[in-house]
Structure formats: structure tokens, C-alpha cells
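Asks: So that we are looking at the same thing, I have put the structure below in C-alpha cells.
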Amino acid sequence: MAATPKPLFPSTLQPPKHPPSTAYAQVFSSASFLLGDTPSVTTLTSAGNIGEDGILSCTFEPDIKLSDIVIQWLKEGVMGLVHEFKEGKDDLSDQDEMFRGRTAVFADQVIVGNASLRLKNVQLTDAGTYKCYIITSKGKGNANLEYKTGAFSIPEVNMECNATSESLRCEAPRWFRQPTVVWASQVDQGANFSEVSNTSFELNSENVTMKVVSILYNVTINNTYSCMIENNIAKATGDIKVTDSEIKRRSHLQLLNSKASLCVSSVAISWVLLPLCPYLMLK
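In terms of our numbering, the sequence shown opens at residue -6 and continues consecutively.
What follows is the structure in C-alpha cells.
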């Protein structure tokens, strides 16, 4: 069985001495390093949504013997380990205090080459450079990844009306850092709605994330409006199609620089209409 490495690595997380087979990992992208004839290690990550669970993805060429596999997760600037798995089980004796009770690997999938780390209750301070370090009977390999943290959520767009006009309300419960909000219209493509909209940010009770509310005034029927919320991590869009007989809504949330969408949802809502403004929405 291959020897277990020293549990601590320099906080600078220097690259291996042998030339890597690919460039270092960028956030949201994969990287693979080959050390001599050893198996490759590949990382793939996305941003962490604070307060929720996140995944730091890492895979490697499988080994037929679980007892020969060692997985170490490290974070730049942290003295202790983030997580260690060896001899078929977790070994948290050298785990750093900031990760106590918050990490887990998928133990039943290690044998097939999955070294991904589940990080519970993501914090802003979890952002940084991580290293996935692997030892198997074939040798050693590692790959770095950048992990960003923030808050993002799907907006919901609803119609509001009074005696003289109709407006749209776009609301999303959790964002950090403060995002930008832009309205768009299918009919009036390229129009600037900043002068007929109002956006506010309300700090939530934990004093980190904020609720986003944006109102678009003087909307017209037979049109599709989009409320787009974006920060450096994610972009979310709430679409609402307004006709004289119904309203259709859909929402879309995507991590920036990631090809995979987190969520796409669509729902049709029936309305009972007055001449200009609906007064009852059947949920």
C-alpha cells in the first residue's frame, strides 16, 4: 500500500514538480494533473450558496483496492486538513476546526473514483483555493480549484394593479453580493426601463444576504417582460408573459461561467380579468 503523505501542505499549495498535463483549474472549470505514470485527478466546481450545502467535485482513476486509496482535501491558508479519507474510512484527526462537522466524502463511490467533497452550511469564508490530493496503488496526483461563495435565488414575478395602471413586482429572497437588476421587454427590445422601475435591497435577519425587490410600472398586455438579477456568481431571470386572458411565468437560474443551469421552471396561471386589470389569481 502506498504511504500516507504528511497531512499538512504549504499554504501556498505549490504545483507539482513535474510539468502538469493541463493548465491549473479555473473556477467552474476542470483541471487534470499527471505525475509521472500516475492516474489523473480532475476537479470541477461551482459557486457555493451560503447557508446551503455545496459540492467540491473531484474525480480520479479508480483503484481496485479501497484500502490503497487516500483522499486529502486542503485549503490555501488553512493549517489543518479540510478532510481526509484513508483505509476505507474518514480520518478527521488532523481536520481544521473551521470544517468540523461540515464535510463528508461519498464513501460508497470512492472505489469508482469519486473523491468529491460535500461541504455543509457554506460560509462566505469557505471561498478560496482548494487542493484535491489523491494517493492510490499507482501513485499520487492532485488538482486545484477555486471556490467562490455568495448567495443567489430564483426571482418570482407577479402582476400588481391599481385603478389607473398595472405594474410588475420581481422579488428574490436571498442575494449576496448586491446584484444588478435590469428589466427587458420582448416587444420593446433594447428599451431602457430604469426610469420606470424602482429597485430596493433589504438586509435579511442574518445581516449578510439581502432581499431584492424591483417594481416595473406602466406595463402593457400582450407582452413578455424579463426581470434579470445578476452578481459575480449567478444570473437569475424571471419571465412573465401578460395577455388579455392569462399569465405565464418561468424562472431560470444559472451560475456564471458554467454551462449547466441549476434550475429551470415554468408554470401557467389562469386569471379572471377586468377590462384592464385582473383582480383574482387562481393559484
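Each residue gets a CB set at the ideal place from its N, CA and C atoms; glycine is no exception.
Starting from the C-beta of P148, find all residues in its chain whose C-beta is less than 6 Å away, skip the five residues before and the five after it, and write them out in chain order.
Replies: Counted from its first residue, the sequence shown places residue 148 at position 155. So the list reads C163, A165, C220, I222, A229 and G231, once near-sequence residues are dropped.
Asks: Could you please give me the residues that DSSP links to N211 through a beta bridge?
Replies: The residue given as residue 211 occupies position 218 in the sequence shown. Paired residues: none, contrary to the question.
Asks: Whose C-alpha, out of L110, K141 and Q182, is nearest the C-alpha of S50?
Replies: To locate residue 50, count along the sequence shown from 1; it is residue 57. It is L110 whose Cα lies nearest to the Cα of S50.
Asks: Thinking C-beta only, is F53 closer than 7 Å to A108?
Replies: Locating residue 108 in the sequence shown gives position 115, where the first residue counts as 1. Locating residue 53 in the sequence shown gives position 60, where the first residue counts as 1. Their beta carbons are under 7 Å apart, which means A108 touches F53 by this criterion.
Asks: Over what stretch of residues does the beta strand (DSSP E) that includes Q247 continue unbroken?
Replies: Looking up residue 247 in the sequence shown gives position 254. Segment E239 to L248, the beta strand (DSSP E) holding Q247.
Asks: How many angstroms separate the CA atom of C125 from the CA atom of L67?
Replies: Within the sequence shown, the letter at position 132 stands for residue 125. Within the sequence shown, the letter at position 74 stands for residue 67. Approximately 7 Å between the Cα atoms of the pair.
Asks: Here's a check: name, in chain order, each residue in its chain whose Cβ is nearer than 8 Å to the Cβ of D46, leaving out the five neighbours to either side.
Replies: The residue you call residue 46 lines up with position 53 of the sequence shown. Result list for D46: R111, L112, K113, N114 and V115, in chain order.
Asks: Take V212 and list the residues in its own chain whose beta-carbon comes closer than 7 Å to its own, dropping the five residues that flank it on each side.
Replies: Position 219 of the sequence shown, counting from 1, holds the residue named residue 212. Excluding residues within five positions, the ones whose Cβ falls inside 7 Å are E159, S160, L161, Y218 and V235.
Asks: Does the pairing of the stretch 121 to 136 with the stretch 53 to 63 give three or more beta-carbon distances under 8 Å?
Replies: Taking 8 Å as the limit for Cβ pairs, the verdict is that the stretch 53 to 63 does touch the stretch 121 to 136.
Asks: Which class does D232 belong to by DSSP, given the choice of helix, strand or coil?
Replies: Against the sequence shown, residue 232 aligns to sequence position 239. Here D232 sits in strand by DSSP.
Asks: If you count every other CB in all the chains shown that lies within 10 Å of the CB of V174, and 16 or more means buried, which is it?
Replies: Numbered from its first residue, the sequence shown carries residue 174 at position 181. With 16 or more Cβ atoms within 10 Å of its Cβ, V174 is classed as buried.
Asks: Determine the closest residue to S238 out of N215, L246, L249 and I226, with distance taken between C-alpha atoms.
Replies: Here residue 238 refers to the residue found at position 245 of the sequence shown. When only C-alpha atoms are compared, the closest one is N215.
Asks: With which residues is S160 paired in a DSSP beta bridge?
Replies: Here residue 160 refers to the residue found at position 167 of the sequence shown. Bridge partners of S160: E153.
Asks: Can you give the beta carbon distance from V63 to K82, rounded, assuming they're within the 8 Å contact cut?
Replies: Residue numbering aside, residue 63 sits at position 70 when the sequence shown is read from its first letter. Residue numbering aside, residue 82 sits at position 89 when the sequence shown is read from its first letter. Wrong, their Cβ atoms sit about 11 Å apart, outside the cutoff.
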